[in-house]
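Residue numbers (my numbering): 38 to 678.
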Ligand code: MIC
Ligand code: SF4
């Protein structure tokens, strides 16, 4: 029986475990990436492990999220990351060099390699045939130290692409269509593998848009084959030697299959407040637009920017619209500056931002109250833009650019014949913003600013776990709810005590106070609890607040791993109906928790307020159970060192 691409990539990196559905395996990690908003914590954890130098083939630290320096905090964290990486063998991509996923694709990604990143959009690397996975910072720290990465053998979904994109329909519309079909929880436990005749017609940046936003499906990762298109891209990046062809076997078997006819697609938009709330642009109609943002790791490539510039050329942004553009990397911005496209954008009235995440994570450019904001990024969760009342629609760069001119949501089909942007045969390459680590790391002084506070480490699991239900939330709660991120909170990613006052505040502003008054307790969630980002702060902050367990209908992959890594019990209701039989304030009890965690998949939880009991599941590997017993991955790693 032939292998699909995912199986080939896993088999080539397998360290332990069986390649059978549902079993836990571990894989060797070739490359890691971190960014600044998760990186500070990841390097603090790496330091706590006491390993002098990273053991990966390549580890890169990017500064791209926390770039507004309204106080000393972000700049201090940048300095910490610059010095700690120099000391431990990690390459440092300086602020201004670009968004981690865009730069990594351009300059470092290698087909066939594994990449673990402390950012949920790490699967962007799947656009060149990498097995690229997002994880919490601690998992990345362990991988930097040479430890394997553990995951459950995923199911593999074949997305069969037929036909060819036409008109002004773009790669963004492809992934929006996949989201419409599979939804934000449809990819949990799965890898999305693209195949079929349509693959060859998609460029690397188009493929990377698709794999990037595959994160919104909850998927472990997404991957494209590495073919002649990949070869040409790497050659144009001056990295032909990094190319390896990679294809699934002709008789490969998949767990599921969906077909998307590229020729039949139209322009789509994800409506507020979920990336799977997808409708066609025409169906939504000509709603008035206040803000347009073109950029983010999903759509900030050279080709996206060239199309944007071509649409804007000779026009003026509508008087009611603020258009902001954030090119993805120094390479992209340099090329736009050199060929005049930047001038076309500026002349049309675009507000040009530095090469960074920016508005995507609410780092500036929060829209006005009740604004309609069209964005090319990947998430439109309520409040993520920095303005709670804003209505964010996710669209392609083509739709965004034409709408910025017309002032209303507009189908780019009105532009007439499809415009093609030729892929450059040689990208501009000058890696002067990447600093190599010091050869003798021991001599580097690691600089720590006053905003770096101690992070919480759990204790061994002992005795009963008992606590009040401090909050009961609904389905699809995101990590942006659990640990909101915006220009005022991101600077505190290395200051858990400060962040703790904002935990779950979008759901209930009194939650942090209640948690502190009760000395901790239990969170009850609906399905897909913790969807979205990789930020382990969504587990570390609850740990700091004394949360012992989260009981939910189901969890998102990375968040569940982060809870385990923090030693917080992630329990799922055996019968979802039991969710309704609990109220906030009820006291729940798990007797002899260590024994319960060790003894199998079902754990009984007593509701001592109501005198009832219900069953929960803890479907974990033996290793994960041991991590919970040890009080988290850091304790477990030290214990087994
Ligand atoms: C995001 O897009 O939500 C982020 C900000 O990039 C996060 C990482 C973080 O919270 O720092 C992610 O996607 O993992
Ligand atoms: Fe940055 Fe947004 Fe991409 Fe996250 S999704 S890495 S915040 S650009």
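Heads up, the beta-carbon is just placed ideally off N, CA and C, and yes, glycines get one too. Just so it is clear, the structure is predicted and the values come from calculations on it, not from any experiment.
Best match in the options for proximity to residue i [C-alpha to C-alpha]
i, options, result
"residue 636", "665, 613 and 612", "665"
"residue 430", "498, 352, 326 and 391", "326"
"residue 209", "596, 313 and 529", "313"
"residue 350", "548, 337, 438 and 394", "438"
"residue 513", "207, 273 and 225", "225"
"residue 190", "365, 139 and 61", "61"
"residue 123", "109, 483, 161 and 275", "483"
"residue 425", "403, 165, 550 and 443", "403"
"residue 107", "594, 656, 525 and 554", "525"
"residue 133", "248, 330, 468 and 586", "468"
"residue 488", "554, 217 and 116", "116"
"residue 568", "55, 85 and 311", "311"
"residue 627", "663, 661, 105 and 559", "559"
"residue 246", "219, 341, 475 and 275", "341"
"residue 364", "296, 137, 200 and 506", "137"
"residue 259", "233, 162 and 200", "162"
"residue 395", "332, 212 and 359", "332"
"residue 634", "649, 622, 279 and 662", "662"
"residue 501", "643, 550 and 423", "643"
"residue 470", "503, 420, 392 and 398", "392"
Whole-angstrom distance between residue j and residue i, CA atom to CA atom
i, j, result
"residue 206", "residue 432", "11 Å"
"residue 40", "residue 287", "8 Å"
"residue 527", "residue 289", "44 Å"
"residue 687", "residue 304", "No answer is possible for residue 687: it lies beyond the span of the chain, which begins at 38 and ends at 678."
"residue 523", "residue 543", "13 Å"
"residue 570", "residue 596", "8 Å"
"residue 453", "residue 204", "7 Å"
"residue 572", "residue 306", "26 Å"
"residue 400", "residue 355", "24 Å"
"residue 640", "residue 357", "57 Å"
"residue 175", "residue 156", "12 Å"
"residue 379", "residue 448", "24 Å"
"residue 667", "residue 632", "13 Å"
"residue 587", "residue 181", "29 Å"
"residue 154", "residue 173", "8 Å"
"residue 170", "residue 518", "23 Å"
"residue 294", "residue 219", "11 Å"
"residue 263", "residue 376", "29 Å"
"residue 281", "residue 149", "7 Å"
"residue 160", "residue 194", "15 Å"
"residue 638", "residue 521", "32 Å"
"residue 405", "residue 158", "27 Å"
Proximity below 8 Å, CB of residue i to CB of residue j
i, j, result
"residue 98", "residue 129", "yes"
"residue 589", "residue 563", "yes"
"residue 118", "residue 57", "no"
"residue 96", "residue 69", "yes"
"residue 64", "residue 151", "yes"
"residue 196", "residue 230", "yes"
"residue 110", "residue 492", "no"
"residue 192", "residue 222", "no"
"residue 657", "residue 608", "no"
"residue 534", "residue 417", "no"
"residue 329", "residue 441", "yes"
"residue 498", "residue 630", "yes"
"residue 216", "residue 361", "no"
"residue 434", "residue 344", "yes"
"residue 283", "residue 235", "no"
"residue 85", "residue 671", "yes"
"residue 167", "residue 135", "no"
"residue 93", "residue 67", "yes"
"residue 555", "residue 600", "no"
"residue 125", "residue 91", "yes"
"residue 505", "residue 531", "no"
"residue 144", "residue 100", "no"
"residue 165", "residue 142", "yes"
Chain D within 8 Å of residue i, Cβ atoms only
i, result
"residue 573", "Protein chain content of the structure displayed is limited to a single chain, and chain D is not contained in it."
Problem set entry | 3 or more residues per run - each beta strand (DSSP E) lying fully within the region 162-235 | With a minimum length of 3 residues, the continuous beta strand (DSSP E) runs that stay inside the region 162-235 are 168-171, 186-189, 192-199 and 227-232.
Exercise. Unbroken alpha helix (DSSP H) runs of length 4 or more, entirely within the region 522-592: which are they?
Worked result: 533-536, 548-554 and 574-581
Exercise. Is there contact between the region 580-600 and the region 439-459, where contact requires at least three CB pairs shorter than 8 Å?
Worked result: no
Exercise. Looking at C-beta atoms only, is the number of pairs between the region 326-343 and the region 361-371 that lie closer than 8 Å three or more?
Worked result: yes
For this session: Report yes or no: do three or more beta-carbon pairs, one from the region 292-303 and one from the region 373-389, lie closer than 8 Å?
Result: no
Exercise. Okay, do the region 397-417 and the region 168-188 touch, 3+ Cβ pairs below 8 Å being the bar?
Worked result: Between the region 397-417 and the region 168-188, the count of C-beta pairs closer than 8 Å stays below three; the two stretches do not touch.
Exercise. Any chance the region 252-262 sits against the region 270-277, with 3 or more Cβ pairs inside 8 Å?
Worked result: no
Exercise. Where are the alpha helix (DSSP H) runs, 4 residues long or more, that stay fully inside the region 392-478, in chain order?
Worked result: 434-443
Problem set entry | Every unbroken beta strand (DSSP E) within the region 326-388, with a cutoff of 3 residues, ordered by chain | 328-331 and 359-362
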